[in-house]
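Numbering of the sequence shown is given in my numbering, commencing with residue 863 and proceeding in unit increments. The C-beta atom is built at its ideal place from N, Cα and C for all residues, glycine as well. For reference, the structure discussed in these notes is given below.
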Amino acid sequence: MKAVHTLWVLMILTFILLSCTSEINHQHMNGAKDKPIVKQVFLIGDGAYTKQSIDELIKKSGIRRQGFVVIVPTSFLPNDEKARALQNEFYNRLVRAVHILNLDPKSNIENTDILAIENASVLCFIGGKRSEFMNLANHTTLKTAILNAYEKGALIVGFGDASTLLPNQYLNFNADTIRHSQTIIFSPGLGLIGKVVVENRVNFKNDEAEIQNEVEKQQCIVFGLDDQACVWISDSNAIVMGEKEVRMISPGNPPAILQKGQKIKLPF
863 MKAVHTLWVL
873 MILTFILLSC
883 TSEINHQHMN
893 GAKDKPIVKQ
903 VFLIGDGAYT
913 KQSIDELIKK
923 SGIRRQGFVV
933 IVPTSFLPND
943 EKARALQNEF
953 YNRLVRAVHI
963 LNLDPKSNIE
973 NTDILAIENA
983 SVLCFIGGKR
993 SEFMNLANHT
1003 TLKTAILNAY
1013 EKGALIVGFG
1023 DASTLLPNQY
1033 LNFNADTIRH
1043 SQTIIFSPGL
1053 GLIGKVVVEN
1063 RVNFKNDEAE
1073 IQNEVEKQQC
1083 IVFGLDDQAC
1093 VWISDSNAIV
1103 MGEKEVRMIS
1113 PGNPPAILQK
1123 GQKIKLPF
């Protein structure tokens, strides 16, 4: 099984090399200048994959022209149903080069896996076990590979709880049973987005006052994603694109509800 997986990745890397060589030759022959790399992140809430969010990320990634998609389940389940469902969403849109990369939190990451991540055109993370995934990312070359892919222009997508891992930090809520209160702890994330924190709608609503206090201390923005909500971030600009509203807390301001089409300038 591992041999088949390795062969699949090597075939993809060969495809990348041929595609890149062709593109470079085409640009050279036409005297084209290098375009600036656009850094893009999609934050998508939990729930069913929506037609709009998948269509938008395919459109903005340029995956139909060249490249491939890598889906990483942070659940570490060998047959993650959400990963399979997402793969089928791409297949239904005639995007065929889609690979589910199952990582083992107790093993070293294979070099072929790192190469697949670093050279992906679209890199999708499915919600699962946040602390275990970040432990693996921080103690292997996984985090560096993800950052390299981002710097090279890969579109990075976080679905559900995995969307909370993309910024510099994510929130952990510790319950104080004696004082009947919550303590918020910031943990290191993947580092793709600075001064932005992402949380699901339930935690956002239940712990709004505590989150507001932390926002003032950290001078950051917190997005609360509803099911099927979607935020597209390109460089320092964010646009609400999903079918559901997005809640936001920012320094010095009361909580706000953002509707589809609203734009926010991020404090990068």
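Integer-rounded CB distance, given that residue j should sit under 8 Å from residue i
i	j	result
Leu-998	Gln-902	Actually they do not touch by this definition, with Cβ atoms about 24 Å apart.
Pro-1113	Glu-1078	6 Å
Val-960	Val-931	4 Å
Ile-899	Glu-951	Not really, about 26 Å apart at Cβ, beyond 8 Å.
Ile-1111	Gln-1074	6 Å
For residue j and residue i, the rounded distance between their alpha carbons
i	j	result
Gly-1053	Gln-1031	7 Å
Phe-995	Lys-1125	31 Å
Gly-893	Gly-924	Low local confidence applies: a pLDDT of 47 at Gly-893 is under 50, so the model's placement there is unreliable, with the coordinate-based value given in what follows. Those two C-alpha atoms are separated by around 22 Å.
Lys-968	Asp-975	15 Å
Val-1059	Tyr-953	31 Å
Gly-1022	Lys-897	32 Å
Gly-1131	Ile-1101	As shown, the chain starts at 863 and ends at 1130. That puts residue 1131 outside it, with no answer to give.
Leu-1009	Gly-1051	11 Å
Glu-1131	Asn-1000	No answer is possible for residue 1131: the residues shown for the chain start at 863 and end at 1130.
Asn-1065	Ala-1007	30 Å
Ile-804	Lys-991	The requested residue 804 does not occur in the structure, where the chain is confined to residues 863 to 1130.
Ile-1083	Ile-1047	16 Å
Asp-1097	Asp-942	31 Å
Lys-944	Val-957	17 Å
Asn-973	Arg-955	30 Å
Neighbourhood of residue i by C-beta, 8 Å cutoff - its chain only, sequence neighbours within 5 removed
i	result
Asn-970	Thr-1002
Glu-918	Phe-904, Cys-1092, Trp-1094 and Met-1103
Arg-1063	Gly-907, Gly-1086, Leu-1087, Asp-1088, Asp-1089, Ala-1091 and Arg-1109
Asp-966	Phe-938
Sequence-distant residues of its chain with Cβ nearer than 6 Å to residue i (five each side left out)
i	result
Thr-912	Gln-1090 and Glu-1105
Gly-1020	Leu-905, Phe-987 and Leu-1028
Gln-1081	Pro-1113
Asn-964	Pro-940
Leu-985	Val-932, Ala-1011, Ala-1016 and Ile-1018
Endpoints, alpha helix (DSSP H) assigned at residue i
i	result
Phe-952	943-954
Thr-900	Here residue 900 is Val; the residue named in the question, Thr, does not match the sequence. Note, Val-900: premise wrong, no alpha helix (DSSP H); not H, not E.
Leu-1052	Unbroken run through Leu-1052: none, as it is neither H nor E.
Endpoints, the beta strand (DSSP E) within which residue i is located
i	result
Arg-1109	1108-1111
Ile-1126	1125-1127
Ile-1083	1083-1087
Ser-1096	1092-1096
Leu-1120	1118-1120
Val-957	Taken as a continuous stretch (DSSP letters only), Val-957 belongs to no beta strand (DSSP E), as it is neither H nor E.
Buried or exposed (CB count within 10 angstroms, at least 16 for buried), residue i
i	result
Asn-1099	exposed
Tyr-1012	buried
Gly-929	buried
Lys-1014	exposed
Asn-1115	exposed
Asn-981	buried
Thr-1045	exposed
Ala-978	buried
Ala-1037	exposed
Ser-1049	exposed
Ala-947	exposed
Leu-880	A caution first: Leu-880 carries a pLDDT of 42, below 50, which makes its placement in the model unreliable, though a value can still be read off. Exposed, by the Cβ-count rule.
Cβ neighbours of residue i in the same chain (closer than 7 Å, five flanking residues each side left out)
i	result
Gly-989	Asp-908, Thr-936, Phe-1021, Gly-1022, Asp-1023 and Ala-1024
Leu-1004	Ile-971 and Leu-998
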